[in-house]
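Chemist: The opening residue of the sequence shown carries number 176 in the UniProt record's numbering; numbering runs sequentially from there.
Dropping the structure in here first, questions after.
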Amino acid sequence: EKEVCFEKDLEGKKILVTAGPTREAIDPVRFITNHSTGKMGYAVAKAASLRGADVTLVSGKTAEPKPRFVHLMEVDSAKEMFDAVTSEAEFKDAIIKAAAVADYRPKHVGTEKTKKKEGEMVIELERTDDILKWLGEHRKKGQFLCGFSMETQNMLENSRVKLDKKKIDMIVANNLKVEGAGFGTDTNVVTIITREKELPLNTMTKDEVAHRILDEIFTRQNEG
Ligand code: CTP
Ligand code: CA
């Protein structure tokens, strides 16, 4: 990585970032998860800390190296992420939720390893709490809330629905089917959506996307 000196334009800002997947236990051996690698969220945490922000990173299990200069809180399940985020949320100027949180978890978690039997099996699932929706409903005055949205169809339309339903300020949308976007890649192709505008960005590294997101959040806040 080349040596770059960043302007400390986020000095004094308290930012909470979430990253990575959650894991929902089926039994002591197995879990349900998704393909999130945490790269986008870690890029946001790193970019914010290079620019002088005070960063807390709530992360699901990832292979990403521990970023320096951030307060890292490692979590496993959607419930643990909910507890970590809601306990930290109150004093944050901005919360950026890049994590891929499971929408469902097994209703009953086995205490012993499930043994196989003849024939099919069914796992009953229950909904997890929507962390971002909770944040939208318990927002501190002046706090900025940014979500992410991954879609395979009707990206802009579906993402706008999330912006409204979760009562947040910004959603960063990406289409999993576009080349250079999505899970595990070092680049991303996103559209930054707010109530007032839609900003489609070209293919760029996740580090660059991270800086653009921070630019949008904090220039908007400075404008009032
Ligand atoms: N999110 C959350 N808590 C959940 C589920 C999602 O905080 N239990 C957040 C994600 O971190 C992301 C945003 O909501 O920032 C959008 O997640 P996404 O999965 O795209 O949307 P959902 O509202 O869960 O809708 P669906 O999966 O049905 O498209
Ligand atoms: Ca979801």
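Beta carbons: idealized from backbone N, C-alpha and C, even for Gly.
1) Answer yes or no: do G235 and P196 have a C-beta to C-beta separation smaller than 8 angstroms?
2) For F206 and E182, what's the separation of their Cα atoms in angstroms?
3) By DSSP, does R302 sit in helix, in strand, or in coil?
4) Just to confirm, are R226 and L351 a CB contact at a threshold of 8 angstroms?
5) Considering only their Cβ atoms, is the gap separating K341 from L374 smaller than 8 angstroms?
6) Note the first and the last residue of the continuous alpha helix (DSSP H) segment covering R335.
7) Which class does A220 belong to by DSSP, given the choice of helix, strand or coil?
8) In angstroms with no decimal places, state the Cα-to-Cα distance between D361 and T289.
9) For a test of the three-state rule: what should DSSP assign to L185, helix, strand or coil?
10) Helix, strand or coil, according to DSSP, for M296 in the structure here?
11) Can you tell me whether DSSP reads A385 as helix, strand or coil?
12) Please list, in chain order, all residues of the same chain as K337 whose beta carbon is under 7 angstroms from its beta carbon, the five residues on each side excluded.
13) Roughly how many whole angstroms lie between the Cα atoms of E391 and D339?
14) Where does S324 fall in DSSP's three states?
15) Which residue from K372, R302, V233 puts its Cα closest to that of E255?
Modeler: Let me spell this out:
1) At a Cβ-Cβ threshold of 8 angstroms, G235 and P196 count as neighbours.
2) A straight-line Cα-Cα distance of about 42 angstroms links F206 and E182.
3) If DSSP states are grouped into helix, strand and coil, R302 belongs with the strands.
4) In terms of Cβ geometry, R226 and L351 do not form a close pair [threshold 8 angstroms].
5) No, Cβ-Cβ distance for L374 and K341 is not below 8 angstroms.
6) Where R335 is concerned, the enclosing alpha helix (DSSP H) stretches over 330-340.
7) If DSSP states are grouped into helix, strand and coil, A220 belongs with the helices.
8) Whole-angstrom Cα-Cα distance: 37 angstroms.
9) When DSSP states are grouped into helix, strand and coil, L185 belongs to the coil group.
10) Here M296 sits in coil by DSSP.
11) Residue state, collapsed to three classes: helix.
12) G322, S324, I346.
13) For E391 and D339, the distance between alpha carbons rounds to 19 angstroms.
14) In the structure shown, S324 falls within a strand segment according to DSSP collapsed to helix, strand and coil.
15) Per the C-alpha coordinates, the member of K372, R302, V233 positioned closest to E255 is V233.
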